[in-house]
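Participant:
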Amino acid sequence: MPTPAAPSPGSSRSAESVLEDAVRRGVVPGGIVARGRDPRPVPVGVHGIRGADGTPWRGDEIVRIQSMSKAILAVAALRLVEHGALALDSPVAPWMPELAAPRVLRRPDAPLTDTVATDAPLTLRHLLTCTSGYGMALTPSPLQDAMREAGLEAGALPWPMDADVFVGALAALPLVGQPGARWRYHHSFSLLGVLISRVTGTSTGEHLRTDLLDPLGMVDTAHRVPAGQEHRLPPALGEEDSALVEREPAGGGPLTGPAPHDVSHEELVSTAADYLRFLTALRDGALLTPAHLALMTSDQVPAAAKDPDGFFPGFWETTGWGMGVCTVTAGAHRGRWGWSGGYGTDVFVDPDGSVGLLLTQLEMGERIGSLLEAFQKS
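Below is the structure:
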């Protein structure tokens, strides 16, 4: 087993002890944790539902990182800006004509026909900051109903449609607010994946492989589990009636085997070692200019756009959104940046450069929430 990372100054519990305690209490059956300046991954516990699968976590598992993919996409897009292929405030319509003239709801709960024209074009900055007007509809509304009917609700499974079909389906619906005026989570980054593909003339996966993944040695990070490595994919778990249930089997499910269509709008799988390579390279200035790294990791959302109904309660009280990551804006960890994934994964970087990484495979909910909160305090 790798040597545990030392806790950061001022932490009362080591990150490893936090995960060990969660395993002991049956919160999760197991996972991987890393904490420190240049930490090594520490596996804890077993795969699967306790008692049903006693396979121990080894530390090299390929896991569903879901929204932790957003940071990788943000870096890829900002590198295209640095290379002159894109500009933060130029319209995306030349590559995404479906988004050239969207309509905007007069209010978030308005009928889908009660719209006005956009007063500004959609830009790369809007996608990176989740202020495009596209995103999750968390309160009942005609837009929420329409997104559900079109298969556009965000969830644990990959989008059930090709990347181009996804863009067309989303473009057929109105925006929830004028570009730049209202923050809504998630869908902007699926659009960003398609934008990267169209700008580079290849799939987003191929561009990531050439520009980031291969140079960093991230051999296990991709839109699908690499062929021949399916045995390293743990099961994905959920919770029903206070008990753990299997959502996707070990070594199987929708993220194994060849992709059925262009998946440039989908999220990634990765490993602890791969993601730590990415994170430390980003932290150390090896991937972006200082100016773009500062933009990415500091709050970029105007106060007026921070709709309290746009995410979970209290989010904006201590948290801002940069580009692909959140940033802590108040409290003991002010200046920390990072983000979580929907299957119980979490990552952050502190102002002193220390890193935290947690990988489980339990979907978000009250059970995993307590572990993530304790991990953030470690």
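With the first letter of the sequence shown counted as 1, position 281 gets the number 281 in the UniProt record's numbering; the numbers rise by one all the way through. Idealized CB from N, CA, C, for every residue including glycine.
1) Mapping the DSSP letters down to three states, classify T318 as helix, strand or coil.
2) Out of V44, G133, K377, which has the shortest C-alpha to C-alpha gap to V33?
3) Does the structure place the region 209-224 close enough to the region 320-332 that three or more beta carbon pairs sit under 8 Å?
4) Let me confirm a value: F278 is counted as buried when at least 16 other C-beta atoms fall within 10 Å, else exposed. Which label applies?
5) Can you tell me where the beta strand (DSSP E) with G369 in it begins and where it stops?
6) How about the region 73-87 and the region 187-198: do they share at least three Cβ pairs that are nearer than 8 Å?
7) Hey, quick one: how far does the beta strand (DSSP E) through I32 stretch, first residue to last?
8) Identify every residue that forms a DSSP beta bridge with L357.
9) Just how far apart, CA to CA, sit P260 and E206?
10) Using only CA atoms, which one of T131, H47, E16, R35 lies nearest to V245?
11) Please specify which runs of the alpha helix (DSSP H), each continuous and at least 4 residues long, are wholly inside the region 192-223, giving them in chain order.
12) Runs of 3 residues minimum, wholly inside the region 57-123: which ones carry the beta strand (DSSP E) assignment?
13) Using beta-carbon positions only, say whether V104 and P158 come within less than 8 Å of one another.
14) For the alpha helix (DSSP H) containing E153, name the first residue and the last one.
15) Could you give the distance in angstroms between the alpha-carbon of E16 and the alpha-carbon of W183?
16) Tell me the rounded alpha-carbon separation between R13 and V269.
17) On the DSSP letters alone, give me the boundaries of the alpha helix (DSSP H) that A272 sits inside.
18) What is the C-beta distance between V63 and T345, in whole angstroms, given that I count them as a contact (C-beta under 8 Å)?
Facilitator: Let's see:
1) In the sequence shown, residue 318 corresponds to position 318, counting from 1. It is helical.
2) Residue 33 sits at position 33 when you count from the first residue of the sequence shown. Distance from the Cα of V33 is smallest, within the candidate group V44, G133, K377, for V44.
3) Contact fails: fewer than three Cβ-Cβ distances are below 8 Å.
4) As a working mapping, residue 278 is identified with position 278 in the sequence shown. With a 10 Å radius around the Cβ and a threshold of 16 neighbouring Cβ atoms, F278 comes out buried.
5) Looking up residue 369 in the sequence shown gives position 369. Careful: G369 lies outside any beta strand (DSSP E), inside the alpha helix (DSSP H) at 366-376.
6) The region 73-87 vs the region 187-198: in contact.
7) In the sequence shown, residue 32 corresponds to position 32, counting from 1. Looking at the DSSP string, the run of the beta strand (DSSP E) that includes I32 is 30-36.
8) Locating residue 357 in the sequence shown gives position 357, counting from the first residue. DSSP, once it has assigned bridges, lists A34, V347 as partnering L357.
9) Counted from its first residue, the sequence shown places residue 260 at position 260. Counted from its first residue, the sequence shown places residue 206 at position 206. Near 16 Å, if we compare the C-alpha coordinates of E206 and P260.
10) Along the sequence shown, read from residue 1 onward, the residue named residue 245 stands at position 245. Scanning T131, H47, E16, R35 for the CA closest to the CA of V245 turns up H47.
11) Here the runs fully enclosed are 204-208.
12) Correct list: 63-66, 103-105, 115-117.
13) On the sequence shown, position 104 is the one that residue 104 refers to. On the sequence shown, position 158 is the one that residue 158 refers to. No.
14) On the sequence shown, residue 153 is found 153 positions in, with the first residue counted as 1. Element bounds for E153: n/a, residue is neither H nor E.
15) The sequence position of residue 16 within the sequence shown is 16, counting from 1. The sequence position of residue 183 within the sequence shown is 183, counting from 1. The alpha-carbon atoms of E16 and W183 are separated by roughly 35 Å.
16) Counted from its first residue, the sequence shown places residue 13 at position 13. Counted from its first residue, the sequence shown places residue 269 at position 269. Their backbone Cα atoms lie some 29 Å apart in a straight line.
17) Numbered from its first residue, the sequence shown carries residue 272 at position 272. It spans 272-283 - the alpha helix (DSSP H) in which A272 sits, taken as one unbroken run.
18) Within the sequence shown, numbered from 1, the residue matching residue 63 stands at position 63. Within the sequence shown, numbered from 1, the residue matching residue 345 stands at position 345. Taking a contact as a CB-CB distance under 8 Å, the pair V63 and T345 counts as one, their CB atoms being some 7 Å apart.
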